[in-house]
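Colleague: Structure provided below as structure tokens; questions to follow.
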Amino acid sequence: MQSGLRDVSVDVFLPVCGEPLDVLLETWRGVQQLKWPGRVMVHVLDDSPTDNLRLVAEEFGFQYLRRDGRELRKAGNLRYAFSRTDSPFILLLDADFRPRPEMIEELIPYL
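Here the sequence shown stands for residues 359 to 469, numbered as in the numbering used here.
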């Protein structure tokens, strides 16, 4: 990997909307294991009608984003999050996807 890439920040977007907590926790535990020498900022993008996940996300050390409306559903949720990041790389994971720890290290050289 190019040495300059190792300092690059990566944002991880975790859009959620009513998935069972046990499914989310499995994914979030996997996200906590991601390896990357630069900054990794994880954002829970909550499109649920309540903010019940806020405390859980914060316990994981994740940023919690929730918008006022649900316009455009998942696309609107992602659009809202994209407008709040300046990271050059974004990893988007569905609620039921558990990444391997090396996922970012393996992907970045190809981007």
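Just so it is clear, CB atoms sit at the ideal spot from N, CA and C, and this is done for glycine as well.
So, Leu382 versus Ala453, is the Cβ gap smaller than 8 Å?
Modeller: The answer is yes: Cβ separation under 8 Å.
Colleague: Distance check for Glu460 and Val398, CA to CA, integer angstroms please.
Modeller: When rounded, the distance between both Cα atoms is 13 Å.
Colleague: Report the residue from Thr408, Asp369, Glu377 and Arg364 whose alpha carbon sits nearest the alpha carbon of Val389.
Modeller: Comparing Cα-Cα distances from Val389 to each of Thr408, Asp369, Glu377 and Arg364, the minimum goes to Asp369.
Colleague: According to DSSP, is Phe440 helix, strand or coil?
Modeller: If DSSP states are grouped into helix, strand and coil, Phe440 belongs with the helices.
Colleague: Go to Ile466, then tell me how far its alpha helix (DSSP H) extends in each direction, as first and last residue.
Modeller: Where Ile466 is concerned, there is no enclosing alpha helix (DSSP H), given that its DSSP letter is neither H nor E.
Colleague: Count the other C-beta atoms from every protein chain shown that fall within 10 angstroms of the C-beta of Thr408, then say buried if there are 16 or more, exposed otherwise.
Modeller: Thr408 is exposed by the Cβ-count criterion.
Colleague: Measure the CB-CB distance between Glu384 and Arg456 and report whether it falls below 8 Å.
Modeller: In contact: Glu384 and Arg456 (Cβ atoms closer than 8 Å).
Colleague: Helix, strand or coil: how does DSSP classify Gln421 here?
Modeller: Three-state result, Gln421: strand.
Colleague: Would you say Glu463 and Trp386 are within 8 Å of each other, going by their C-beta atoms?
Modeller: Contact: no.
Colleague: Which residue wins for smallest C-alpha separation from Phe447, given the options Arg431, Gly419, Leu469 and Val402?
Modeller: The shortest Cα separation from Phe447 among Arg431, Gly419, Leu469 and Val402 belongs to Leu469.
Colleague: What does the alpha-carbon distance come out to for the pair Leu411 and Asp404?
Modeller: Rounded to the nearest angstrom, the two C-alpha atoms are 8 Å apart.
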